[in-house]
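Notes follow once the structure below has been shown.
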Amino acid sequence: METVQELRLVFSRAQIEQRIDELAKLINQEYKGQEVLAIGILRGAVYFFTALTSRLTDVKLRIDFMQVSSYGSGTESSGHLNIVSNIKEDPKGAHVLIIEDVVDSGLTISALREHFAALGPASVKVAALLDKKERRTHEVTVDYTGFELDKGFVVGYGLDYAQYYRNLPEIFEVIFAQH
Ligand code: IMP
Ligand code: MG
């Protein structure tokens, strides 16, 4: 584990909440009165997930959670999805909304999209708090993006470094010590 020298504020609580309000408005419009299954990807998405889904008041919503890990080579169209813990609800016929913390290489989301597409949902869409484009190896569509980031490793609001910092109420860039 590298030494953390400093945490630099990137997105404040006010910015995060305002952006989630905007996303919720769009999602409420899109799915008004429809049956949606929101699937939170553990553990990073939990803070974003609760903030977002608690604002989806115009939707007939079920919530569920899934923990996954994905692996694959950069040349594959999508990686292999390792399901650590699965959803309990049946996604068949539902509008599936995958809620993720960060899209980085795109591997996880591309594998998840492929996984759910095979389960007979009405549709599959993705909401991600952060879209980091720098290391993208798998082209994926993110339907609802909180913020885009050019570079950097960030923590807080659910995001971790070696499992720490998830509980910080804002999003910070990690500055690592030089050695
Ligand atoms: P990928 O898109 O499959 O490469 O994986 C994205 C996952 O990597 C996210 O769900 C996060 O768990 C993790 N991740 C990527 N970038 C960051 C970051 O800046 N901070 C914390 N976790 C990150
Ligand atoms: Mg994650």
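The sequence shown maps to residues 1 to 179 in this note's numbering.
By construction, the Cβ of each residue, glycine as well, lies at the ideal position given by its N, Cα and C atoms.
Since this is a predicted model, take the numbers as computed values, not measurements.
Open item on the list: Tell me the rounded alpha-carbon separation between Thr145 and Gln178.
Closed with: Cα-Cα distance, rounded: 32 Å.
TODO: Take the Cβ of Glu176 as the centre, count every other Cβ of all protein chains shown within 10 Å, and call the residue buried at 16 or more, exposed below.
DONE: It should be noted that the sequence gives Phe, not Glu, for residue 176. Exposed.
Task: CB contact flag (Phe65, Leu97, <8 Å) - done: The answer is no: Cβ separation not under 8 Å.
Task: Sequence-distant residues of the same chain with beta carbon closer than 6 Å to Ile83, five excluded per side - done: Closer than 6 Å at Cβ, skipping near neighbours: Val68.
Task: Given Arg135 as reference, the closest of Val126, Ala128, Leu149 and Val142 once Cα atoms are compared - done: Nearest of Val126, Ala128, Leu149 and Val142 to Arg135, Cα basis: Leu149.
Task: Beta-carbon contacts of Glu6 that lie in its chain and below 6 Å, excluding the five residues immediately before and after - done: Closer than 6 Å at Cβ, skipping near neighbours: Ile175.
Open item on the list: Measuring only the C-alpha atoms, how far is Ile20 from Glu170?
Closed with: Approximately 13 Å, taken between the alpha carbons.
Open item on the list: Quick check on this structure: which residue in Met1, Thr3, Phe11 and Leu37 has the alpha carbon closest to the alpha carbon of Glu173?
Closed with: It is Phe11.
Task: Whole-angstrom distance between Leu112 and Asp243, CA atom to CA atom - done: The chain is shown only over 1 to 179; residue 243 falls outside these bounds and no answer can be derived.
Task: Limits of the unbroken alpha helix (DSSP H) element including Asn28 - done: Run containing Asn28: Arg13 to Glu30, per the alpha helix (DSSP H) assignment.
Task: Where Lys125 falls, given that 16 or more other Cβ within 10 Å makes a residue buried - done: It is buried - the Cβ of Lys125 has at least 16 other Cβ atoms within 10 Å.
- [ ] For the beta strand (DSSP E) holding Thr145, just list the boundary residues, first then last.
- [x] Per DSSP, Thr145 is one residue of the beta strand (DSSP E) stretching across Tyr144 to Leu149.
Open item on the list: By the DSSP assignment, the alpha helix (DSSP H) with Phe116 in it spans what residues?
Closed with: Leu107 to Ala117 is the span of the alpha helix (DSSP H), which, as asked, contains Phe116.
Task: Reduced DSSP secondary structure (H/G/I, E/B, other) of Ala38 - done: Ala38: strand per DSSP, three-state reduction.
Task: Residue span of the beta strand (DSSP E) that contains Ala51, given as start and end - done: If you look at Ala51, you'll find it isn't in any beta strand (DSSP E); it sits in the alpha helix (DSSP H) that goes Val46 to Thr53.
TODO: Taking the CB atoms as reference points, tell me whether Gln34 and His115 lie closer together than 8 Å.
DONE: No, the pair does not count as a contact, with Cβ atoms beyond the cut-off.
Open item on the list: Only counting the same chain, and skipping five residues up and downstream in sequence, which positions put a Cβ closer than 6 Å to that of Arg166?
Closed with: Answer for Arg166: Gly158 and Asp160, listed in chain order.
- [ ] Pull up the distance between the alpha-carbon of Lys32 and that of Glu22, whole angstroms please.
- [x] In a straight line, the C-alpha of Lys32 is about 15 Å away from that of Glu22.
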